[in-house]
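Here is the structure we will look at, set down as structure tokens.
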Amino acid sequence: MDILFISRFFVVIALIIMMLASLRVSAYKYASTGLFGCSVAVLAFAIALIFIGDMYNIKFSFDIALSLIFFGFVGTIAFAMTMGEEN
Amino acid sequence: MYIIQYIQSFLLIISAIFIIIAAIGIISLNKDMKNVVYARIHIIGIFDMSVVLALIGLGEYLLAGIYFILVPFTAHAIAYAYYKSEDTLNNKSLEDKIKEEEDITENPFIFSKEDIQKAEKEDLVVDTSDGALSLSTLKISEDE
Chain C
1 MDILFISRFF VVIALIIMML ASLRVSAYKY ASTGLFGCSV AVLAFAIALI
51 FIGDMYNIKF SFDIALSLIF FGFVGTIAFA MTMGEEN
Chain F
1001 MYIIQYIQSF LLIISAIFII IAAIGIISLN KDMKNVVYAR IHIIGIFDMS
1051 VVLALIGLGE YLLAGIYFIL VPFTAHAIAY AYYKSEDTLN NKSLEDKIKE
1101 EEDITENPFI FSKEDIQKAE KEDLVVDTSD GALSLSTLKI SEDE
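Read top to bottom, the protein sequences are chains C and F.
Counting from 1, one number per residue, gives the positions in the first sequence under my numbering.
Counting from 1001, one number per residue, gives the positions in the second sequence under my numbering.
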């Protein structure tokens, strides 16, 4: 195993830790904390998918990660606009 | 060739350390602190930039650029939504609006807990001197 593989593995572990932390944060009392917790969890999962696909040569994981990043972004913006709009 | 690999792995390890620090920070913030949601969004900004660093280290420059442009919009949208809908500390108009809604939606069938406890403590005085109060029971048998 070369050092590049080990460092990628290290990043994946860090991203998993971040996913767990953001899921914990999403259970706090405000709705907006739930929103950004879910958003960060999805983003961390997508980036971890990119790294795993690059490590083990899984080509379709890159497409899944791209779709997660884009649709997660759109969903977060839409939810935030709905929450923030004035009645 | 080895130098590039070392630089890449250095970037990845630095970004992983930053991600772990951000994860610890986002959990360990005090819940009762003022403006804690904005502080958490700030920490998420650290996470996002370290992910950009990691993607550059991986060699995905286009994706890093897209991520660099998209993610600040998300953070700003969440902060805006929190300010407009839930932040009663900074948004004074929201506090007035909540008070108005409470005044408008006064339901005659809903009582506060204090009122019910107060009513339970009071002794109910029933005047039975004129025989106006009577109790009756109705028996229904299965045959009927």
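Heads up, the beta-carbon is just placed ideally off N, CA and C, and yes, glycines get one too.
As the structure is a computational prediction, the values presented were derived from the model and not from experiment.
{"Asked": "CB of C/F60 within 8 Å of CB of C/I50, strictly", "Found": "no"}
{"Asked": "Pairwise C-alpha distance: F/K1097 and F/A1075", "Found": "25 Å"}
{"Asked": "Sequence-distant residues of the same chain with beta carbon closer than 6 Å to C/M18, five excluded per side", "Found": "A44"}
{"Asked": "Assigned secondary structure, F/K1118 (DSSP; H/G/I helix, E/B strand, else coil)", "Found": "helix"}
{"Asked": "Nearest neighbour of F/T1088, chosen from F/V1037, F/Q1005, F/Q1008 [CA to CA]", "Found": "F/V1037"}
{"Asked": "Boundaries (first-last residue) of the alpha helix (DSSP H) holding F/T1074", "Found": "1061-1085"}
{"Asked": "Amino acids of chain C, ordered along the chain, whose beta-carbon sits closer than 8 Å to that of F/E1145", "Found": "Chain F is shown only over 1001 to 1144; residue 1145 of chain F falls outside these bounds and no answer can be derived."}
{"Asked": "The segment 67-76 of chain C touching the segment 1002-1020 of chain F, judged by at least three CB pairs closer than 8 Å", "Found": "no"}
{"Asked": "Residue-chain proximity (C/G84, chain F), Cβ-Cβ < 8 Å", "Found": "yes"}
{"Asked": "F/S1050, enclosing alpha helix (DSSP H) - first and last residue", "Found": "1036-1058"}
{"Asked": "Closer than 8 Å at the beta carbon, the chain C residues around F/L1058", "Found": "R8, I50, F51, D54"}
{"Asked": "Whether F/K1086 touches C/S32 by CB criterion (8 Å)", "Found": "Just to set this straight, residue 1086 of chain F is Glu in the shown sequence, not Lys. Their beta carbons are under 8 Å apart, which means F/E1086 touches C/S32 by this criterion."}
{"Asked": "Where F/D1032 falls: helix, strand or coil (DSSP)", "Found": "coil"}
{"Asked": "F/S1112 - DSSP class collapsed to helix/strand/coil", "Found": "coil"}
{"Asked": "Selected residue, minimal CA-CA separation from C/A14, among F/R1040, F/A1022, F/L1094, F/S1093", "Found": "F/A1022"}
{"Asked": "Chain-ordered chain C contacts of F/K1031 [CB-CB under 9 Å]", "Found": "Y28, K29"}
{"Asked": "Any alpha helix (DSSP H) of 4 or more consecutive residues that is wholly inside the segment 26-76 of chain C", "Found": "31-56"}
{"Asked": "Proximal chain C residues relative to F/Y1067, where beta-carbon distance stays under 9 Å", "Found": "L43, I47, I69"}
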